[in-house]
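Under numbering that gives the first Met the number 0, the letters of the sequence shown match residues 0 to 360, in that order.
Here's the structure, in structure tokens; my notes come after.
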Amino acid sequence: MESPTKHSRQMFSSKCGNNEKSCVLGIETSCDDTAAAVMVDGTLKSSIISSQPDHVLFGGVVPELASRAHDRLLVPVVESALREAGVSIHDLTGIAVTRGPGLIGSLMVGVSFAKALAAGLGIPLVGVHHLDGHVDSLLLGDTHPEPPTLILVVSGGHTQLMHVDESGTRTLLGKTRDDAAGEAFDKVAAILGLDYPGGPVIDRLAAHGDPSFHAFPRTRLSGYDWSFSGIKTSVLYHLNSMDESVRATYLEEHLEDLCASFQEAIVDMLTAPVARAMKETGTHSVGLVGGVSANSRLRARMGHTTDLLGGHLYVPDLLFSMDNAAMIALSGSLKLARGEQDSLSMTAHPSLSMDLHEAGQ
Ligand code: KG4
Ligand code: ZN
0 MESPTKHSRQ MFSSKCGNNE KSCVLGIETS CDDTAAAVMV DGTLKSSIIS
50 SQPDHVLFGG VVPELASRAH DRLLVPVVES ALREAGVSIH DLTGIAVTRG
100 PGLIGSLMVG VSFAKALAAG LGIPLVGVHH LDGHVDSLLL GDTHPEPPTL
150 ILVVSGGHTQ LMHVDESGTR TLLGKTRDDA AGEAFDKVAA ILGLDYPGGP
200 VIDRLAAHGD PSFHAFPRTR LSGYDWSFSG IKTSVLYHLN SMDESVRATY
250 LEEHLEDLCA SFQEAIVDML TAPVARAMKE TGTHSVGLVG GVSANSRLRA
300 RMGHTTDLLG GHLYVPDLLF SMDNAAMIAL SGSLKLARGE QDSLSMTAHP
350 SLSMDLHEAG Q
């Protein structure tokens, strides 16, 4: 697996120079966002995301509905991405698609489409690991971390901290043992009667609340691992300890305070191990990626913590925090520029693992 340094734009540009114009279509359908993007010679030309509102009614992603929506939306989304980029389908020199992890039905729509398009146009196909896409989203900004660096991936499906050394070797320092951080936001939002996805809603409400209103537990595990299932249960028990009528008034009066208190606990739990890893590994640069990296309090607190320790925090533009195809087009472009490609027998992989060393090995 390549490090951010190996993925640097500079190297990318030199590989794609010499009249070998690169025009890569990125496709992302791993969950409930149908997305396509076009990258020409390392420059992002378009990024289209169609979110699926149907899931709000069910309080979470319904896999069957997600696959059907991708099936319906993917062609128009790709057409929009090509149109906005000002390129024709025949200008494409490669197709990059999220291969996994994710919902199998959703992934299969994107992967099957990408394979058919690559076969029809006779151009290379490359599968991208969804989390590599998130890590590479840092390269879509003006500045990005150089190894050695720590990267914290916080999304709806994953929470993991890795260290990237000077040679580009990535070591997994810690991960969640149960729920992902984004999953905790979504589940607690459901308990509080808020819409899905819960993260942005809680973030918005928390801005007007008191983070010290209620002390939800900060679960600490050995090493750098996390557990977020306890805090969700704690919110549930806290509300269930009241009579129904009292609870309704309490929620009405203190919804913003509860959101702020819950969010503060999650932010504490995410920030403390990163600070410890900075000290223990002597690493000063930190990248924060994945949907939860859009959280305003997490960005502020993590930025403050890294500053205090004499380091620097890198976060993607908000547009590229959540699932998008720009990060897939970029990851895929880099792989293609290195001569990597997949065969048309490539399949979607719902639990695709990342190429990481385990700490201590
Ligand atoms: O990376 P992402 O778009 O999809 C996955 O790969 O899972 O992350 C989605 C997750 C959801 O759980 C969503 O609630 C969370 O990111 N999220 C947030 C915020 N925006 C999105 N969580 C906290 N605060 C936010 N502002
Ligand atoms: Zn994601």
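Don't be surprised by glycine CBs; every beta carbon is placed ideally from N, CA and C.
Predicted, not measured: the structure shown is a model, and the values here were computed from it.
Through-space distance from residue j to residue i, alpha-carbon basis
i	j	result
GLY104	GLU63	7 Å
HIS143	ASP135	9 Å
GLU255	GLN262	10 Å
MET0	THR248	Confidence in MET0 is poor, its pLDDT being 30 and thus under 50, which makes the residue's placement unreliable; the coordinate value appears in the next sentence. Whole-angstrom Cα-Cα distance: 52 Å.
ALA80	HIS213	46 Å
SER12	GLY41	Interpretation of SER12 is limited by its pLDDT of 31, a score under 50 that renders its predicted location unreliable; the figure taken from the coordinates is listed afterwards. So the two alpha carbons sit approximately 6 Å from each other.
LYS20	THR92	8 Å
VAL77	PHE319	18 Å
HIS69	ILE190	28 Å
HIS52	SER226	Note that residue 52 is Pro in the sequence shown, not His. So the alpha carbons of these two residues sit roughly 29 Å apart.
GLU182	VAL200	13 Å
GLU83	SER45	6 Å
LEU24	MET38	7 Å
ASN294	PHE184	10 Å
GLU357	CYS22	35 Å
THR305	THR97	31 Å
ASP202	SER50	19 Å
VAL61	ALA118	31 Å
ARG169	LEU269	19 Å
ARG275	GLY289	21 Å
LEU193	SER350	29 Å
LEU297	LEU120	44 Å
GLY197	ALA188	5 Å
Whether residue i touches residue j by CB criterion (8 Å)
i	j	result
SER370	HIS253	Missing from the structure shown is residue 370; the chain here goes from 0 to 360 and no further.
ALA34	ALA324	yes
VAL245	LEU149	no
LEU106	SER154	no
ILE94	ILE122	yes
ASP131	SER330	yes
ALA179	ILE230	no
ASP73	VAL127	Per the sequence shown, the amino acid found at residue 73 is Leu instead of Asp. Taking 8 Å as the Cβ cut-off, LEU73 and VAL127 do not qualify as a contacting pair.
ASP326	VAL110	The sequence as given places Met at residue 326; Asp does not occur at that position. Not closer than 8 Å, so no.
GLY286	LEU137	yes
ALA113	LEU124	yes
VAL266	ARG219	no
ALA271	PRO210	no
Limits of the beta strand (DSSP E) - the one that residue i falls within
i	result
TYR236	From DSSP, TYR236 is part of no beta strand (DSSP E) but of the alpha helix (DSSP H) over 228–239.
TYR313	311–313
ILE122	Note, ILE122: premise wrong, no beta strand (DSSP E); not H, not E.
MET38	32–39
LYS186	Segment 180–190 is the alpha helix (DSSP H) holding LYS186; no beta strand (DSSP E) there.
SER284	284–288
MET161	158–163
ARG169	169–174
GLU27	22–27
LEU361	Residue 361 lies beyond the residue range present for the chain, which begins at 0 and ends at 360; the question has no answer from this structure.
VAL153	148–153
Boundaries (first-last residue) of the alpha helix (DSSP H) holding residue i
i	result
GLY197	197–205
THR248	243–280
ARG219	Careful: ARG219 lies outside any alpha helix (DSSP H) and carries neither H nor E.
MET326	325–336
GLY132	129–135
GLY302	295–307
heavy atom of the ligand PLP below 7 Å from residue i C-beta
i	result
SER154	The ligand PLP is not part of the structure shown, which contains the ligand KG4 and the ligand ZN as its ligands.
Next on the checklist: Within 8 Å, do at least three Cβ pairs link the segment 298–311 to the segment 167–180?
Outcome noted: Counting Cβ pairs under 8 Å, fewer than three are found: no touch.
Next on the checklist: To test your reading of the DSSP string, which unbroken alpha helix (DSSP H) runs of 4 or more residues are found completely within the segment 32–98?
Outcome noted: For the segment 32–98, whole alpha helix (DSSP H) runs of length 4 or above, ordered along the chain, are 62–84.
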